[in-house]
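Trainee: Handing you a structure now.
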Amino acid sequence: YMGIQSEMEFNSFIYLCPSPSYSTETMPKKIVFIPRAPIVGCTSDFSQKGKFEKEGSYIPCLFLRNSTPESKILVYYHGNAEDIGIAEEFLVDLRNSLGLHILCMEYPGYGIYAGEATAPRVSQDAINVYDFVANTIGGCEENIIVAGRSIGTGPAIQVAALKKPAALFLISPFTSIKGIIKTSAAHFLRVFVKERFRNIDIIKKVKCPTCIVHGLRDKMIPCSHSRELADNCGAKKNQTLYSGEYGPQRFRLYRGYCQQFKNIPKRKQHIKL
Numbered sequence: 001y002m003g004i005q006s007e008m009e010f011n012s013f014i015y016l017c018p019s020p021s022y023s024t025e026t027m028p029k030k031i032v033f034i035p036r037a038p039i040v041g042c043t044s045d046f047s048q049k050g051k052f053e054k055e056g057s058y059i060p061c062l063f064l065r066n067s068t069p070e071s072k073i074l075v076y077y078h079g080n081a082e083d084i085g086i087a088e089e090f091l092v093d094l095r096n097s098l099g100l101h102i103l104c105m106e107y108p109g110y111g112i113y114a115g116e117a118t119a120p121r122v123s124q125d126a127i128n129v130y131d132f133v134a135n136t137i138g139g140c141e142e143n144i145i146v147a148g149r150s151i152g153t154g155p156a157i158q159v160a161a162l163k164k165p166a167a168l169f170l171i172s173p174f175t176s177i178k179g180i181i182k183t184s185a186a187h188f189l190r191v192f193v194k195e196r197f198r199n200i201d202i203i204k205k206v207k208c209p210t211c212i213v214h215g216l217r218d219k220m221i222p223c224s225h226s227r228e229l230a231d232n233c234g235a236k237k238n239q240t241l242y243s244g245e246y247g248p249q250r251f252r253l254y255r256g257y258c259q260q261f262k263n264i265p266k267r268k269q270h271i272k273l
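Sequential numbering of the sequence shown, starting at 1, is according to the working numbering.
What follows is the structure, encoded as structure tokens:
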């Protein structure tokens, strides 16, 4: 019982929910609601979209439209300790630099989305959001780019491994939840924490072009995680970029990174910027 209780308590530290930074009133015309649906095989069954009424039937998402209607769309899973309102400023810069539409999924318990963030529920929501986008644009997965930052790289890698997006974009990714704890000062706690998001294994199934960006002085998730993920990535087109900037809090995606992402090479590369 104590072991189970400890795991439950540590689960609450995996998803650090900030105080809501937005509402439907403060972000008019930017929030869209995507239906939750059961996953059958690896695909969302939207014919059963009313199944989760008690838990919340819709997933709030931030949609940033690009000025060019025919642009590709980037499906983004944000980092920890932020909601889609906090992530908006960064995503506006990303949209403007890459010239893409951006859809950012909220996590349960964050912002206006009721519920509790757990790895299974976040993973299911992530597939629902991707499938809804794919269905909306006529099943053209080559027009979808999947991206994630920090804790959001977990669902991003899972979706990319199950689907066929045009590319995968990872910012400060991690090998696994236990892997983060192992490389932290609290490494002795890993025996109490249930493993989730085994990115180091799942990324082997990713076949789309992949770009990984990581800060060299990131103290929360050391850049060694990105090196391991790049070495294990199943994509033939695979590039890892390292910045001297400190950690995810001060990390900024400059135009140089964006240009590199648009031109992922035909071989694996590690580049220090």
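Using N, Cα and C, we set each Cβ at its ideal position, and we do this for glycine too.
1. Could you spell out where the beta strand (DSSP E) holding V32 opens and where it closes?
2. Distance, Cα to Cα, P20 vs L170?
3. So, for Y113: in the same chain, excluding its five sequence neighbours on each side, which residues have a beta-carbon less than 8 angstroms away from its beta-carbon?
4. Using alpha carbons as the reference points, say which of T43, T118, L62 lies closest to Y130.
5. Taking Cβ to Cβ, would you say R95 is nearer than 7 angstroms to L62?
6. With a cut-off of 8 angstroms on the beta carbons, I'd call A166 and N199 a contact; round off their distance for me.
7. Rounded to a whole number of angstroms, what is the C-alpha to C-alpha distance between R311 and F46?
8. Does the Cβ of E70 have 16 or more other Cβ atoms within 10 Å, making it buried, or fewer, making it exposed?
9. Give the straight-line distance between the Cα atoms of G247 and A161, rounded to the nearest whole angstrom.
10. Which same chain residues end up closer than 8 angstroms to G115 when comparing Cβ atoms and leaving out the 5 residues on each side of it in sequence?
11. Suppose the cutoff is 7 angstroms on Cβ atoms and the five residues either side in sequence are ignored; what does the same chain contact list for H187 look like?
12. Give me the residue from L103, G152, S224 with the minimum Cα distance to G179.
13. Report back the beta-carbon spacing between P155 and S226 to the nearest angstrom; my notes put them in contact at under 8 angstroms.
Mentor: Based on what the coordinates show:
1. 31-35
2. 25 angstroms
3. G56, I59, P60, E106, Y107
4. T43
5. no
6. The pair is not a contact, with the Cβ atoms about 20 angstroms apart (cut-off 8 angstroms).
7. With the chain running from 1 to 273 in the structure shown, residue 311 is simply not present.
8. exposed
9. Per-residue confidence for G247 stands at a pLDDT of 46, beneath the threshold of 50, marking its modelled position as unreliable; the derived number appears in the next sentence. So the alpha carbons of these two residues sit roughly 26 angstroms apart.
10. E55, G56, P108, G109, R121
11. Legend: pLDDT at H187 = 48, less than 50; position of this residue unreliable, no value from coordinates given.
12. S224
13. Their Cβ separation, rounded to whole angstroms, is 17 angstroms, which puts P155 and S226 out of contact at 8 angstroms.
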